[in-house]
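Taking the UniProt record's numbering, I'd label the letters of the sequence shown as residues 1 to 157.
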Amino acid sequence: MHEKTAAGSPAVVDCEQLVAVIGDAVILSDPAGAITLWNAAAERMFGFSADEAMGKSLDIIIPERQRQRHWDGYEKTMATGETRYGHDLLRVPAVHKDGHSLSIAFTVALLRGTDGAVTGIVAVVRDETARWTEERKLRRRLTELEAAAQAGVATAG
1 MHEKTAAGSP AVVDCEQLVA VIGDAVILSD PAGAITLWNA AAERMFGFSA DEAMGKSLDI
61 IIPERQRQRH WDGYEKTMAT GETRYGHDLL RVPAVHKDGH SLSIAFTVAL LRGTDGAVTG
121 IVAVVRDETA RWTEERKLRR RLTELEAAAQ AGVATAG
């Protein structure tokens, strides 16, 4: 990856450092679904250290009720070399090491070897639990207000 300096000359970006310091979790898994990269943000978000996560199945962060659907899609992606999600932002539940639920948003991309075969999937993940919880409260309040308004219309008519 190359960027330009203010003077316009090429500046080399240290991708390893970028992944290490970025605020979003960066998780890479191999074709079998084993975790091969787990950055510091992933540690903070999910509670597993890199040593605990490396080599483990993605199941450590996937809620049990979501696993079959996840693995069906994962295996299809590995078999076809295509993901139907492209650059879409995906929002799904996840689970922290201590068992509490998270609401995450992420994008995925396929990594390929020189022969074009898929060598892994990278996900850039953000914890949206606070936003999701606030939106749920607002939706609940809106429903209450709409019900109260309907009740007021019914009694006025």
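Using N, Cα and C, we set each Cβ at its ideal position, and we do this for glycine too.
Note that the structure is predicted; figures quoted are calculated from it, not measured.
Nearest neighbour of residue i, chosen from the options [CA to CA]
i, options, result
"residue 80", "21, 151 and 31", "31"
"residue 90", "55, 105, 13 and 66", "105"
"residue 46", "100, 64, 77 and 111", "100"
"residue 96", "141, 112 and 62", "62"
"residue 42", "34, 59, 22 and 55", "22"
"residue 24", "123, 87 and 116", "123"
"residue 85", "68, 107 and 75", "107"
Buried or exposed by the 16-neighbour rule on C-beta atoms within 10 Å, applied to residue i
i, result
"residue 120", "buried"
"residue 111", "exposed"
"residue 127", "buried"
"residue 94", "buried"
"residue 153", "exposed"
Secondary structure of residue i, DSSP reduced to three states
i, result
"residue 60", "helix"
"residue 120", "strand"
"residue 109", "strand"
"residue 102", "strand"
Integer-rounded CB distance, given that residue j should sit under 8 angstroms from residue i
i, j, result
"residue 103", "residue 58", "17 angstroms between Cβ atoms; not a contact."
"residue 55", "residue 40", "Not confirmed; about 18 angstroms, so no contact."
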